[in-house]
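Here the structure comes first, spelled out in structure tokens, and everything after it is commentary.
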Amino acid sequence: MMPDLGKYAGAVLSSYGLSLIALALLVGLSLLKSASVRKQLDAAEKRREKHG
Amino acid sequence: MASIWQYANPQKFMQSTTAVLPYLAVLTVAALATGLIWGFFFTPDDYKQGSTVKIIYLHVPAALMAINAWFMMLVASLIWFVRRHHVSALAAKAAAPIGMTMTLIALITGALWGQPMWGTYWAWDPRLTTFLILFLFYLGYIALWAAIESPDIAADLTSVLCMVGSVFALLSRYAVNFWNQGLHQGASLSLDKEENVADVFYLPLLVCIAGFVLLFITLVLLRTRTEIRARRLQALIARERMA
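Keeping their order, the protein sequence lines are chains A and B. With the UniProt record's numbering as the guide, the letters of the first sequence map in order to residues 1 to 52. With the UniProt record's numbering as the guide, the letters of the second sequence map in order to residues 1 to 243.
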């Protein structure tokens with residue numbers, strides 16, 4: 001199923017590999033930060049309700 | 001008809017994006033997977049460039065988004081300047097790391113494509129150089145937001161930087177036309193059929209571009225929501241300290 005990339009296989013596969021890693025990092029870090037801030041905000045809102 | 005400015009209200013923005021985000025995420029994954037699989041596995045080699053033509057499915061959409069992300073930031077910054085809507089300033093802040101990643105992908109894939117085609121990873125060609133400067137502007141913009149404690153002052157100063165950087169975003173788009181020299185070719189997509197890429201590469205490229213645009217919109221919404229929550233968190237913490 002893998003296409004024959006010939007002598008340019010290194011350039012093509014590195015391009016796809018590095019780009020997908022960069023995109024995965026961007027998406028992963030965005031999701032992680034979103035979850036972390038949400039958790040902290042929920043905790044702060046609970047403290048506010050508790051203490052008025 | 002509801003005004004677009006209602007979305008400048010953080011609560012309204014959060015409500016609307018909660019409903020839209022899951023659909024956008026599904027569409028993004030579908031478009032990216034379709035475009036990249038189609039381009040990588042089911043398109044032929046180019047008669048001149050061989051299999052390196054497959055890099056076009058990453059390089060062109062990333063470069064396009066690198067420039068357009070900056071223009072989105074410019075529009076959001078101008079809205080901040082004129083109307084002082086915090087959501088627009090936070091949207092600009094949220095878009096910067098996405099644009100920076102797109103610029104980095106365009107630079108890396110361009111270098112890897114350039115080596116077998118031009119015999120070098122890098123040349124001080126007008127388009128390559130303006131793209132490198134655009135990448136440095138992204139870094140500076142992100143650093144400036146991080147360096148200033150007051151959110152409103154940070155929004156003001158980064159907006160000014162964004163306006164200055166727009167010159168390089170524009171130059172990186174039209175550098176080939178302005179200077180008419182260097183190694184980089186003209187635009188891959190054109191209304192002129194002679195200049196446009198061949199049809200067999202064109203359709204999967206369009207799907208990839210749609211995927212990258214959707215990815216950008218999805219991530220900007222997600223990250224803007226995070227910034228709005230972070231702003232609320234800062235306010236609550238400040239209130240706790242004062243109590």
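Built from N, CA and C at the ideal position, the CB exists for glycine as well.
Under the three-state reduction of DSSP, D4/A is assigned to coil, being neither helix nor strand. Setting aside the 5 residues that flank it on each side, T28/B is surrounded in the same chain by L214, L215, T218, each with a C-beta closer than 6 Å to its C-beta; the list follows chain order. With a threshold of 16 other beta carbon atoms within 10 Å, V220/B meets it and is buried. Per DSSP, W122/B lies in no alpha helix (DSSP H) segment and is marked neither H nor E. Within the segment 21-33 of chain A, the residues whose Cβ lies closer than 9 Å to any Cβ of chain B are, in chain order, A22, L23, L25, L26, V27, L29, S30, L31, K33. T101/B sits buried, since 16 or more C-beta atoms from the chains shown fall within 10 Å of its C-beta. From the listed residues L161/B, W124/B, G50/B, the smallest Cα separation to A92/B is found for L161/B.
For K54/B, the closest Cβ of chain A is nearer than 8 Å. About 6 Å separates the beta carbon of A95/B from that of M72/B, a gap short enough to meet the 8 Å contact definition. Along the segment 85-104 of chain B, the positions whose C-beta sits under 8 Å from a C-beta of chain A are P97, I98, T101, L104, read in chain order. Within the same chain, and ignoring the five residues on either side of W38/B in sequence, the residues whose Cβ sits closer than 6 Å to its Cβ are P204.
In this structure, the beta-carbon distance from R47/A to E240/B falls below 8 Å.
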